[in-house]
Ligand code: BV8
Ligand code: ZN
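Numbering (the working numbering), first residue to last: 544 to 786.
Right, dumping it as structure tokens:
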């Protein structure tokens, strides 16, 4: 922990990448954990354009189940610490999340790069208009208020390309930062998993926060093993008190 505090003290710029693990203590199952979201459902059956094409109501059932689950959950101390980091480092701080659960925003983070979209945003498959959860009738097959086309969750599915602007921004931030945190991610999904690699190959020190080792551990300068909701507040308290 001491080494991580020193890295934070010497950092001019900080980039944080979060994954499903940061929301685990809020009660949201991760994707690949033992109680993982993919366990009950198979990823290839649900988070792909083909699945939506074949059975849109099954895919919507899964997203509506997750929306309701997430709305009952609260941000945890890890999300809140990241909001404090943004307040402290101001423009020298960037948050990139793979999560679609909106918990960073609810914890107070103002600038959130949503790498895989947001489960509370939808877009029309016909006229491409976007609607927030609550702006359309949440039926088993939600329809566009504008053209009655079928709505889809505004998230990035497997096999779908990411928004090039978001990709470019995340790659640039990762190549220019001097400290990169990878928090609660298994480091298996690309291109998100390439961000720590880009940071490392540029000039950044990499700190990983996870309950277990991952492929990212091999390039991390510091591995803080444990729950993000316990580690991050402690790291931040030490940093603030030692400043
Ligand atoms: C793309 C949104 C170009 C939807 C998601 C073969 C090899 C390599 C790559 C590929 C391949 N075949 C296809 C690909 C590309 C594919 C990919 O990477 N597949 C993987 C599975 C191999 N990627 C794509 O398709 C991407 N697009 O590449 O476009 C393209 C175009 C056409 C064809 C090919 C390529 C799009 C990927 C985005 C998919 N969408 N989510 C939704 O959420 O419904 S991904 C999904 O997984 C989530 O976003 C999630 O964030 C993400 C990654 O998972 P993690 O966040 O890391 O979560 P996970 O459960 O895995 O791990 C949790 C971690 O937390 C664990 O390590 C655990 O130990 C830890 N943890 C648990 N509790 C705690 C904790 N840590 C701390 N504290 C705790 N308390
Ligand atoms: Zn429409």
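Backbone N, C-alpha and C define an ideal beta-carbon position, used for all residues, glycine too.
Here residue 785 has 548 and 552 as same chain residues with Cβ atoms under 8 Å from its own Cβ, once five neighbours each way along the sequence are excluded. Residue 612 and residue 572 have their C-alpha atoms spaced approximately 10 Å apart.
The C-alpha of residue 667 is placed about 4 Å away from the C-alpha of residue 694.
For the ligand ZN, residues qualifying as neighbours are 667, 669, 670, 672, 687, 689, 690 and 692, where qualification means a beta carbon closer than 6 Å to at least one of its heavy atoms (chain order). Remark: C-beta atoms of residue 742 and residue 732 do not approach each other more closely than 8 Å. For residue 641, the three-state secondary structure derived from DSSP is coil. Contact check for residue 771 and residue 621: beta-carbon distance about 4 Å, within the 8 Å limit, so the pair qualifies.
Around the beta carbon of residue 644, 16 or more other beta carbons lie within 10 angstroms, which makes this residue buried. As far as DSSP is concerned, residue 611 takes part in no beta bridge. Annotation: residue 590 to residue 639 spans about 20 Å, alpha carbon to alpha carbon. Remark: the C-beta of residue 642 is in contact range of the ligand BV8, defined as less than 7 Å to any heavy atom. Contact annotation: the stretch 656-672 touches the stretch 694-710, with at least three C-beta pairs closer than 8 Å. According to DSSP, residue 660 shares a beta bridge with 698.
Segment contact: the stretch 670-685 against the stretch 706-722, fewer than three CB-CB distances shorter than 8 Å; contact not assigned. Contact between residue 559 and residue 714 is ruled out by a C-beta separation of about 15 Å, above the 8 Å threshold.
Per the coordinates, the alpha-carbon of residue 599 lies some 29 Å from the alpha-carbon of residue 565. Within the DSSP bridge table, the entry for residue 766 names 751 as partners.
Here the distance from the Cβ of residue 622 to the nearest heavy atom of the ligand BV8 is not below 7 Å.
Residue burial is scored here from C-beta neighbours: residue 595 has at least 16 other C-beta atoms within 10 angstroms and is therefore classed as buried.
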